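Residue numbers (full-length UniProt numbering): 1 to 471.
Structure, rendered in structure tokens:
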């Protein structure tokens, strides 16, 4: 039976390690470095190595975000401009100010469907937040909605959000209080029971395979006294945090009022569920943790997947650029999969099996949070025919930061393939059929284009620079 090997870059004592999709026996073999694939795996007589690159690629569901003015009215041209600039993740506010005291009309839902279609055409994904106010805007109304109205709105939005979950990378909880950040509610929703009721309504509406991000660590601690771990299941495994005052001061402007206990909780939680947010204006600039040492340390500690690029840049982003680490920050946000070595069977006949061993490392600060397949592509060097072979049971969400991943597989080739040489490529396309063939939604490895190795922008796959010959 084949295994995925996940080994630390530095050696450590052998100990049991549980993972979601592995049995305990397989996990023990992984942690100890044993298990070389099945005994009948064909010989791996062809091999190739890869060269890493420091370039920042526009990969989906990670990186610096840009903000839309409003999701419902975002235009094709605005979205296309972001896409052309390399943005793949946009912060999308959905404002319901006009319906604080009313039901959501069909016209709004139709408008949202059209907006999601425009996002899809632009090759973007979204960080979604629903709110009823913008207290910073001149003359704005700071009210949120009642608990009854919020429940009604969540239920009304749920089918539309589920139908467009392919372009929703992360859903921030929203709805309650100022900016939807779960403080300063005008309807008494700072009450723990009300917050719990909204949490449950959001979880019921959450599209399968997606996560919710809440703003207040205290809420997460009250609901779940111990943070989620690798083997957690149920709703807790789908809840993360967004910190919209990341690095601002000793409490991140009230994000961590209890200090280190809350920070420790979120550091552990963010190892398995999404963490993102933005910087904000520090109350006291002298307290801002804005040096390169700060962002490189805390970016890794909090497993940051995304950060807002629009606010607050002078104290933070500009400082990172001046101190010379902004490029590193851009490449480390989220996942960053770097191929190291490939070994495989060099020749076979259609219908026969080949062996494959692929080694890679995640150099990013975070894991991948949304499911997607991993595929080996065979491209006939004469006809151009492309055959996609899924690497069954390979889950790239398990490729954790700093871990050396070794994938060993025995793959059965399809029958009826034409004889001749096939170039090998690796692909991580989007899971959703609407996006699976769009290369803008495919993950590009952090490897250099050289010789016959390199990114195929039409296929959304990386050419491995090696060949399989079919007899």
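Yeah, the Cβ is synthetic: ideal placement off N, Cα and C, and Gly gets one too.
Remember, it's a predicted structure, so these values are computed and weren't measured experimentally.
What do you get for residue i, buried or exposed, if any count of 16 or more other CB atoms within 10 angstroms of its CB means buried?
i, result
"residue 425", "buried"
"residue 260", "exposed"
"residue 73", "exposed"
"residue 450", "exposed"
"residue 196", "exposed"
"residue 471", "exposed"
"residue 92", "buried"
"residue 96", "buried"
"residue 359", "buried"
"residue 330", "buried"
"residue 297", "exposed"
"residue 204", "exposed"
"residue 227", "buried"
"residue 69", "exposed"
For the beta strand (DSSP E) that residue i lies in, which residues bound it at each end?
i, result
"residue 275", "275 to 277"
"residue 353", "353 to 362"
"residue 390", "386 to 390"
"residue 421", "420 to 427"
"residue 369", "Per DSSP, residue 369 belongs to no beta strand (DSSP E) and is neither H nor E."
"residue 342", "337 to 344"
Between which two residues does the alpha helix (DSSP H) holding residue i run?
i, result
"residue 113", "106 to 122"
"residue 219", "217 to 223"
"residue 43", "Counting along the chain, residue 43 falls outside any alpha helix (DSSP H), and DSSP gives it neither H nor E."
"residue 198", "192 to 205"
Helix, strand or coil: how does DSSP classify residue i here?
i, result
"residue 441", "helix"
"residue 311", "coil"
"residue 461", "strand"
"residue 156", "helix"
"residue 265", "helix"
"residue 302", "coil"
"residue 403", "strand"
"residue 486", "Because the chain is modelled from 1 through 471, residue 486 falls outside the range shown and cannot be assessed."
"residue 87", "coil"
"residue 396", "helix"
"residue 286", "helix"
"residue 377", "strand"
"residue 260", "helix"
"residue 171", "strand"
"residue 235", "helix"
"residue 78", "helix"
"residue 26", "Residue placement at residue 26 is flagged as unreliable, the pLDDT there being 37, under the threshold of 50; the coordinate-derived value follows with that caveat. Helix."
"residue 51", "coil"
"residue 180", "helix"
"residue 97", "helix"
"residue 297", "helix"
"residue 492", "Coverage of the chain is limited to positions 1 through 471, which leaves residue 492 absent and any answer about it impossible."
"residue 327", "helix"
"residue 163", "helix"
"residue 471", "coil"
"residue 434", "coil"
"residue 129", "strand"
"residue 409", "strand"
"residue 66", "strand"
Thinking just about the alpha-carbon of each residue, which of the options is nearest to the one in residue i?
i, options, result
"residue 422", "443, 469, 404, 403", "469"
"residue 336", "325, 344, 304, 319", "304"
"residue 290", "275, 307, 316, 300", "316"
"residue 445", "387, 462, 406, 451", "462"
"residue 367", "61, 42, 40, 56", "61"
"residue 398", "373, 183, 378, 227", "373"
"residue 420", "432, 253, 346", "346"
"residue 301", "117, 334, 280, 323", "334"
"residue 183", "153, 135, 66", "135"
"residue 241", "257, 216, 231", "216"
"residue 173", "201, 165, 191", "201"
"residue 40", "387, 356, 402", "356"
"residue 153", "190, 99, 143", "99"
"residue 57", "44, 88, 179, 198", "88"
"residue 396", "122, 386, 331, 430", "430"
"residue 247", "276, 235, 233", "276"
"residue 274", "236, 378, 294", "236"
"residue 162", "112, 50, 188, 151", "112"
"residue 285", "319, 181, 307", "319"
"residue 230", "268, 405, 243", "268"
Beta-carbon of residue i versus every beta-carbon of chain D: anything under 7 angstroms?
i, result
"residue 273", "Annotation note: the requested chain D is absent from the structure, which comprises a single protein chain."
**Item:** Cβ contact check for the region 108 to 126 and the region 149 to 169: 3 or more pairs under 8 angstroms
**Value:** Cβ pair count under 8 angstroms is three or more, so yes.
**Message:** Taking contact to mean 3 or more Cβ pairs, one atom from each stretch, closer than 8 angstroms, check whether the region 278 to 297 and the region 219 to 238 are in contact.
**Reply:** No, because fewer than three Cβ pairs between the region 278 to 297 and the region 219 to 238 fall closer than 8 angstroms, the two stretches do not touch.
**Request:** Could you tell me whether the region 433 to 445 touches the region 453 to 467, where touching means 3 or more Cβ pairs closer than 8 angstroms?
**Result:** At 8 angstroms Cβ cutoff, the stretches touch.
**Message:** So, does the region 74 to 86 touch the region 94 to 109, judging by three or more C-beta pairs under 8 angstroms?
**Reply:** No, because fewer than three Cβ pairs between the region 74 to 86 and the region 94 to 109 fall closer than 8 angstroms, the two stretches do not touch.
**Message:** Would the region 432 to 439 count as touching the region 307 to 325 if we require 3 or more Cβ pairs under 8 angstroms?
**Reply:** Flag = no, the region 432 to 439 and the region 307 to 325 do not touch.
**Message:** I'd like to know if the region 252 to 269 and the region 192 to 212 are in contact, where contact means that at least 3 CB-CB pairs between them fall below 8 angstroms.
**Reply:** When C-beta atoms of the region 252 to 269 are compared with those of the region 192 to 212, fewer than three pairs fall below 8 angstroms, so the two segments do not count as touching.
**Prompt:** Just checking, does the region 350 to 358 make contact with the region 397 to 415 on the three C-beta pairs under 8 angstroms criterion?
**Reply:** With a cut-off of 8 angstroms, the region 397 to 415 and the region 350 to 358 count as touching, because enough Cβ pairs lie within range.
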